[in-house]
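Position in the sequence shown (first residue = 1) + 1 = this note's numbering.
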Amino acid sequence: MNILEKIPDKRQDKNTTSLKFKKDLIEYFGEDYKYKTCLEIGTHRGYTARVLSFLFGKVITCEYDLELLSFAKDLNKDRSNIEFLHKDVYRSEWNFENIDVVFIDCMHEYPNVMHDIQKSINLVKPHKELILVFDDYGLPKPPHRDKDVKDAVDQYLNEHPTFDFVKYIGEEKGSDCRPGKLLKAEEGIICKYRSIPLQTFYRIVDNQVHPIKDTEHLGFEESEGLRVPDEYLNEQKFMIMRTADGIGDWGIISVMPRLLKEKYPNCKVYVPSKKLLKKLFGKDHNNVKVIFDNNPYIDEFVDGVDGEVFHDHYRVYNKNNIDIPLVKQMLKFWQFTDKDMKDSQPEMYWSDSEKKLGNDIIKEYVGDNEFGCLLISDRFGTQYGKHHQETYDRDVKNFNNILTKYKLPYFYWTSKPISETPFNWINKVLDMRHIDLRIQLYIKSIAKINLSNQCGTNQIVVRYSKCFESQRQFPLAHNFVDGENYL
């Protein structure tokens, strides 16, 4: 079927979009949105709604004028996936769910367009995206109007870091597609909004934390060229610091002391004591000690440090490659080359007595046989701290696939009794809950495989064992660790 059959151009009906605009919509969305939902604000005669119905699984279109709505319904009586709503979008709630794209073509006054944009982005769930399409972006303002569609869209593009330009569509600047008026810019524009909570960038100076700004991305884009000052490197007294406090948060940067010593053999490397972390962040934990105890490249655990601390917010990211491990982003800021940080997987150093204790436990429960380690944290099957059935089903499937492939005896740690999980059938040898964490990590490092839901603890032993992780977060971004097998 010819989607554009009997569809007028803007030159025949000034209140619709041009045929070029509609063709660009068809090219942009193609087959990729067949199972998604588009919300159209401003049905008018339903010509564009008809085109959208061939591109989306469902189209919801809103119109206040009953006469226009009746015309649109009659035009599209052969299209079963369009839901027509008689609705004043400026005086009623936007109670739409699971919207992937919003096509905004209603009132072209600046306040109305701003309203439409804000209502649209309010529909987006955390960490999700929304495509917004605007008609008449380049339409000249009538004499009585100070601002219009272009002013509203441009303001959002300038002021909101998660509201991005995608592409222009439709007729070009200077076109006469609207009879009697020449476009002052492109006819239409496509934008993307990402619902990403802003993060606070901190400075740590003279043992004090100072919030500086809220930002979408912590760190500096690679093209900015910002790096640690040469004066700091010349001093060769280095402090390793994270503003996060989890065991995995510190574990994924555990290689930094060795790499710093290898690049700067005469340097001193310090890490914060429990006392300093409590002073800075008010958190009382011992995870830094767990990660760096017995590390031969650490000179001292310190209770304070003078001057600036270049912590994990000082990183260099690449907006075109988000899956770069955090440790590499940090080391890039520290002027490391790719060669300098090639071997950057997490690492641990155990004492002889710790190794003996771990080996004795392994010997007692599995002898000389191969074994695995299973970790089920309280985030198993969750999204944003709440049970999520799709994630739960995916975690269960991923675990069963690996556990069936690797039929081993398993040491395990589970957030609730393993009998209350779907994996009570495995060959269980020891619940590690009451074993010292460093000994747990040693046992995990000896295991043939480690299996967990997305959890920082598992990533710490990726250097030593084959590690599988059922992914919860898409994309992983800086939580990505080289060598991990993501399921």
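Don't be surprised by glycine CBs; every beta carbon is placed ideally from N, CA and C.
At 3 residues or longer, and completely inside the segment 380-434: list those beta strand (DSSP E) runs for me, N to C. 410-415, 428-432
Could you round the C-beta distance between Asn288 and Gly247 to whole angstroms and report it? I think they count as a contact, below 8 Å. 7 Å
Restricting to runs no shorter than 4 residues, where is the alpha helix (DSSP H) found entirely within the segment 258-326? 275-282, 288-293
4 or more residues per run - each alpha helix (DSSP H) lying fully within the segment 32-68: 48-56
Between which two residues does the beta strand (DSSP E) containing Lys467 stretch? 467-471
Met433 versus Ile377 - alpha carbon distance: 12 Å
Where does Glu371 sit, in a helix, a strand or coil, going by DSSP? coil
Taking Lys7 as the reference, give the member of Lys15, Leu20, Asn16 with the closest Cα. Leu20
Rounded to whole angstroms, what is the Cα-Cα separation between Glu263 and Leu26? 55 Å
Can you check whether the CB of Gln460 is closer than 8 Å to the CB of Gln472? no
Simplified DSSP state of Leu332, which is helix, strand or coil: helix
Grouping DSSP H, G and I as helix and E and B as strand, with all else coil, what is Tyr111? helix
Could you give the residue range of the beta strand (DSSP E) that holds Tyr194? 189-195
First and last residue of the alpha helix (DSSP H) that includes Thr231? Reading off the sequence, residue 231 comes out as Asp, not Thr. First-last of the alpha helix (DSSP H) with Asp231: 231-236.
In this structure, does DSSP put Lys182 in helix, strand or coil? strand
So Lys193 packs on Val167, CB below 8 Å; how close in whole Å? 5 Å
Rounded to the nearest angstrom, how far is the Cβ of Lys88 from that of Gly139, given a contact under 8 Å? 27 Å between Cβ atoms; not a contact.
Contacting residues, own chain, Cβ-Cβ under 6 Å from Lys214 (five flanking each side not counted): Phe202
Just the C-alpha distance for Tyr36 and Val52, rounded to the nearest angstrom, thanks. 15 Å
For the beta strand (DSSP E) containing Arg204, name the first residue and the last one. 200-206
Which full runs of the alpha helix (DSSP H) of 4+ residues lie inside the segment 132-162, going along the chain? 150-160
Roughly how many angstroms separate the alpha carbons of Gly181 and Asp155, rounded to a whole number? 25 Å
One or two residues paired with Tyr169 in a DSSP bridge: Ile190
Checking 8 Å against the spacing of the C-beta atoms, do Asn425 and Leu409 come in under that value? no
With a threshold of 16 other CB atoms inside 10 Å of the CB of Glu28, please say whether the residue is buried or exposed. exposed
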